[in-house]
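Counting from 1, one number per residue, gives the positions in the sequence shown under UniProt numbering.
Before any comments, here is the structure.
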Amino acid sequence: MEEEEAELRNPFPSPPSHYTKYTTHNLYLLELLRERAGSVDLSTVNQYELLSGQMDVPEWPLVQLEKPRVDWIVEDGHYTVFGENWPIKEGIPSLAELGGHQLYPADPSVDRRPALRSILRSMLVTYSHLLDALLAPPPTAPSTGPPEWEQQTEWINVLAQNVMAAANDLRPVQARGNLELMMRRQLELRKEETKAIHAKCDTLEAKLADMRAEIQRLPHASRGSSRKPVMFQAGGGDKISNEDVLRWAEEI
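Right under this line is the structure:
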C-alpha cells in the first residue's frame with residue numbers, strides 16, 4: 001500500500017495497477033452481470049451465482065470496472081487524481097478552511113481594512129511584549145506553563161498568517177489592476193506611435209507642397225520650350241544609306 005501511494009506521488013507515475021483488469025472478457029462478464037441482475041445493485045449480488053455458466057470469473061468484484069459516478073463526485077465536491085484531492089470548483093481556500101485562526105471577515109464584500117488595522121496594531125503590541133519577555137530576568141520559581149515569550153511568538157505567527165491570507169485573497173484584484181494598467185499603457189503607446197506617424201505625414205506633405213511651389217516658380221520659357229522633331233529625309237531614292245543614318249544622328 002505504501003509503495004502504491006509513493007508511486008502515485010511520483011512526478012511521472014505509472015498507470016494504476018488495476019488497468020490490467022479491463023480486459024475484453026472481464027468487460028463482457030460485467031455486461032452480462034448487468035443483464036442478469038436487472039435493476040438490482042451490482043454490489044449486493046453474488047456474481048458467482050449469476051455467472052455460474054461462464055469461464056474465468058475473477059475473484060475480485062466486477063463492480064470495480066464500473067465508471068466513476070459523476071453524481072457522487074458532485075455530491076462530494078472533489079475528485080482524486082494520482083492520490084491528490086482536487087475540488088470541482090476552483091477557488092482560494094480561506095484561512096479558516098485551512099484550519100487556521102481567522103481574525104478578519106470571511107465575506108469578501110465586507111470592508112476588511114478595520115480588521116487589518118487591528119491586526120497590525122496587535123502585532124506591534126505583541127512584538128513589544130515579546131521584547132519585554134526576552135529582557136525580563138529569569139523567574140525564581142519554576143513554572144509549569146509555557147514561557148511568556150513562546151506565547152507571544154505563537155500569537156505573532158497567528159497574526160502573520162492572517163495578514164498573508166488576507167493579501168492572498170486580494171491576488172485576483174491585483175491581477176485585474178495590473179492587467180488594466182498594462183492595457184492602458186499599450187493604448188498610450190499606440191496613441192504616441194499614431195501621433196508620430198501623423199507628424200511624419202505632415203512633414204512629407206509640407207515638403208511636397210514646397211516642391212510643387214518651386215516647380216510653379218520656374219520660368220515659363222523653360223517649361224514651354226520644346227524641340228522640333230527632326231525629320232529625316234533620304235538623299236535620294238527610297239533606299240537609306242549609311243551616310244544618311246550618320247547625318248541624321250548628327251542632326252539629332
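Cβ coordinates follow ideal geometry from the N, Cα and C atoms, glycine included.
Item, Value
"Taking the alpha helix (DSSP H) that residue 198 belongs to, which residues open and close that run?", "171-216"
"Could you give the residue range of the beta strand (DSSP E) that holds residue 101?", "Careful: residue 101 lies outside any beta strand (DSSP E) and carries neither H nor E."
"Check whether the stretch 125-134 touches the stretch 145-159, taking contact to mean three or more Cβ pairs, one atom from each stretch, closer than 8 Å.", "yes"
"Within 10 angstroms of its Cβ, does residue 165 collect 16 or more other Cβ (buried), or is it exposed?", "buried"
"Compute the beta-carbon to beta-carbon distance between residue 103 and residue 92, rounded to the nearest angstrom, for a pair I have assumed lies under 8 Å.", "With 8 Å as the limit, residue 103 and residue 92 do not qualify as a contact, their Cβ atoms being about 17 Å apart."
"Can you tell me whether residue 47 is buried or exposed? The criterion is at least 16 other CB atoms within 10 Å of its CB, across all chains shown.", "buried"
"Assign residue 162 to buried or exposed, taking buried as 16 or more other Cβ atoms, counted over all protein chains shown, within 10 Å of its Cβ.", "buried"
"Can you tell me the Cα-Cα spacing of residue 40 and residue 33, whole angstroms?", "10 Å"
"Taking the alpha carbon of residue 51 as the point to measure from, which residue in 197, 78, 36 has its own alpha carbon closest?", "36"
"Determine the direct distance from the alpha carbon of residue 209 to that of residue 248, and round the result to whole angstroms.", "42 Å"
"Starting from the C-beta of residue 255, find all residues in its chain whose C-beta is less than 7 Å away, skip the five residues before and the five after it, and write them out in chain order.", "Outside the displayed span of the chain (1 to 252) sits residue 255, for which this structure offers no information."
"Along the chain, where does the beta strand (DSSP E) that runs through residue 87 open and close?", "84-87"
"Based on DSSP bridge pairs, tell me the residues matched to residue 24.", "Paired residue(s): none; residue 24 is not in a bridge."
"Which residues bound the beta strand (DSSP E) around residue 81?", "78-81"
"Check whether the Cβ atoms of residue 30 and residue 62 lie closer than 7 Å to each other.", "yes"
"Which residue comes first and which comes last in the alpha helix (DSSP H) that contains residue 69?", "From DSSP, residue 69 is part of no alpha helix (DSSP H); its letter is neither H nor E."
"State buried or exposed for residue 65, treating a residue as buried only when at least 16 other CB atoms are found within 10 Å of its CB.", "buried"
"Tell me which same chain residues have a C-beta within less than 7 Å of the C-beta of residue 124, skipping the five on either side of it?", "none"
"Would you give the residue range spanned by the alpha helix (DSSP H) that residue 90 belongs to?", "Neither: residue 90 is in no alpha helix (DSSP H) and is coded neither H nor E."
"Report the residue from 72, 100, 99, 158 whose alpha carbon sits nearest the alpha carbon of residue 87.", "72"
"Does DSSP classify residue 16 as helix, strand or coil?", "coil"
"Rounded to whole angstroms, what's the CA-CA distance from residue 225 to residue 204? Just pull it up for me.", "Since pLDDT at residue 225 reaches only 49, below the 50 mark, its modelled position is unreliable, and the value read off the structure follows with that caveat. Approximately 31 Å, taken between the alpha carbons."
"Taking the beta carbon of residue 159 as the centre, do at least 16 other beta carbons fall within 10 Å, making it buried, or is it exposed?", "buried"
"Let's test the definition: count the other Cβ atoms within 10 Å of the Cβ of residue 187 and tell me whether it reaches 16, buried, or not, exposed.", "exposed"
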